[in-house]
Structure formats: C-alpha cells, structure tokens
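Each residue of the sequence shown is one higher than the last, beginning at 86 in the working numbering. All C-beta atoms in this analysis are idealised placements derived from N, C-alpha and C, irrespective of residue type, glycine included. The model shown is predicted, which means the values in this text are computed figures rather than measured ones.
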Amino acid sequence: RTLGEYDFLFRDASTVVCHWEAAVKFYLQAEPLAEQRAFIGPGTRDRLDLKLNRVFQHQLLLGSTQAGQLALPTGIQVDKAQAFIKGYLFNHASGLRPAPVSGVSATHLTGWWVRHQCEKLPQASADSRWIILPRLRWLAPARLPGSADVMNDEALASRLDEHFQLHGEALLLVELALTTAGEWQEVTRGFVVCSTWPTLGNIQNSSASR
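Now the structure itself:
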C-alpha cells in the first residue's frame, strides 16, 4: 500500500532540505459562499477545502512520519515543508462574488462559469472569437496566430450543442480579441457545464485519494 510520495525534495541555497507539494487545480463556485467548500471541480469529484486539508494534514506531514523518513537517504531529514498550489477559481457569470475566501490569495486567477442553454455567455466584445482549450493548455493564457481556427458566436453555439447532446463533460472556453499585431489574445475564460451541473459524485472519497 502506498502511504504517500514526495512531489519535490531538494536543498535550497542555504542547504535547508525542503519538501514541496505541488498542485494545479480548477474550481467552480457552486454556492454564493465565502468558504472553501463552495468551490468544486468541474467534474464534481473534487472540492477546494478537501484538497487543502489533504495537502496540509497528510501530504506535507510525510517527512515527519516513520515511513516518510525511512524513504529518505540516510542522514537526510525534511527541514521545511511547503505547498505550491496554482490554478483558477471560477465565479458564476452573474457577477456575484463573495468576500475573500480564507486561505486563498487575493490575487488568484479567476474566470466565470455558466450552464449550457441556461445562462448567456459573458462577452467582453461583440467582435470576440472563441476556442475550446484542451486540458493540457488550461494553465497558460491563450495566445494564437491570426490565422488560427477560431469560432464566432454562431459556430461556438453549434459546437456546444453538439458536445452536450453526447457528453456531460465541462468545457473550458477562452474569449479572444485580435491585437494590433494581428494575433488572437485571451480576454476572458470560463467553463460551460451541463444544464444539470453540479450532479455531485462522491467528492469526499475521490478527493481523499488525490
């Protein structure tokens, strides 16, 4: 049975042995509450409060456990354990936002979310174009050449209808604007989820294993 693993283990410039736990997460605000538990993953299998509890109460304590110490080379012990967590929090497109959430940076990256065919997509400009971001490109801001295959509002609506007729998986959209240099640059981003979202799965058990 696997008891845990170190994401990063290194010596810094002052020779302190550091243990870092790293994660990139994306959570949608499912309730208008200024609480960590209000933010759940787009697939409804994860929740912000459960993830943070897992990191701080289990993963970062690995170096202080007998099993964690035995896994280290002889004479090495963890001096400092830290979490390195990045990602986005997405608020509902209604624009309603709660007070700052405890444990979350005031400068965290943000986006919006809507339910398909239930709410209108927020749009910064009538001339905007759209792309659907594949998962491996979720973290970085989108930037594309002017010749890229982008969608107007009508093409996007058709693509979303086609997707949600067959699938329940949420899609991450990026709204694009054409720069003076002739490139498409990200303006806003947000998730489109199915009309019945959130259909909550077993969040607690799933999060505890991640």
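If I follow the unbroken alpha helix (DSSP H) through residue i, where does it start and stop?
| i | result |
| --- | --- |
| E247 | 238-251 |
| V109 | Run containing V109: none in the alpha helix (DSSP H); it sits in the beta strand (DSSP E), 102-114. |
| L133 | 133-142 |
Three-state secondary structure (DSSP) at residue i?
| i | result |
| --- | --- |
| A152 | helix |
| A166 | strand |
| R119 | Sequence inspection shows Ala at residue 119; the Arg mentioned does not correspond to that position. Coil. |
| S292 | Caution applies to S292, whose pLDDT of 47 falls short of 50 and renders its modelled position unreliable; the model cannot decide the point. |
| N287 | In this prediction, N287 has a pLDDT of 44, which is less than 50 and means its spatial position is unreliable; what the coordinates show is noted afterwards. Coil at N287, not helix or strand. |
| L157 | coil |
| L147 | helix |
| G172 | strand |
| L88 | coil |
| L224 | coil |
| H193 | coil |
Assuming residue i is part of the beta strand (DSSP E), what are its boundary residues?
| i | result |
| --- | --- |
| R228 | 228-230 |
| E269 | With the sequence shown as reference, residue 269 is identified as Trp, and Glu is not the correct amino acid for it. Looking at the DSSP string, the run of the beta strand (DSSP E) that includes W269 is 268-278. |
| L256 | 256-263 |
| R96 | 93-96 |
Below 8 Å on the Cβ atoms is my contact criterion, and I expect residue i with residue j to pass it. Report the Cβ-Cβ distance as a whole number of Å.
| i | j | result |
| --- | --- | --- |
| G298 | Q167 | Because the chain spans 86 through 295 in this model, residue 298 falls outside it and cannot be assessed. |
| L256 | F276 | 7 Å |
| V109 | L224 | 6 Å |
| V101 | K165 | 6 Å |
| H143 | G89 | 7 Å |
| H201 | S280 | 5 Å |
| L174 | Y112 | 6 Å |
Flag residue i as yes when its Cβ comes closer than 7 Å to any non-hydrogen atom of the ligand PLP, and as no otherwise.
| i | result |
| --- | --- |
| V272 | As for the ligand PLP, it is missing from this structure, which has no ligand bound. |
4-residue-minimum alpha helix (DSSP H) runs that sit fully inside the segment 195-222, ordered along the chain: For the segment 195-222, not a single whole alpha helix (DSSP H) run of length 4 or above is found.
Contact between the segment 215-223 and the segment 176-196 (3+ Cβ pairs under 8 Å): Taking 8 Å as the limit for Cβ pairs, the verdict is that the segment 176-196 does not touch the segment 215-223.
Closer than 8 Å is the cut-off here; do at least three beta carbon pairs connect the segment 151-160 with the segment 170-177? Touching, no, given that fewer than three Cβ pairs across the two stretches are closer than 8 Å.
Three Cβ pairs or more, each shorter than 8 Å: is that satisfied between the segment 224-239 and the segment 264-275? Because the criterion of three Cβ pairs below 8 Å is met, the segment 224-239 and the segment 264-275 touch.
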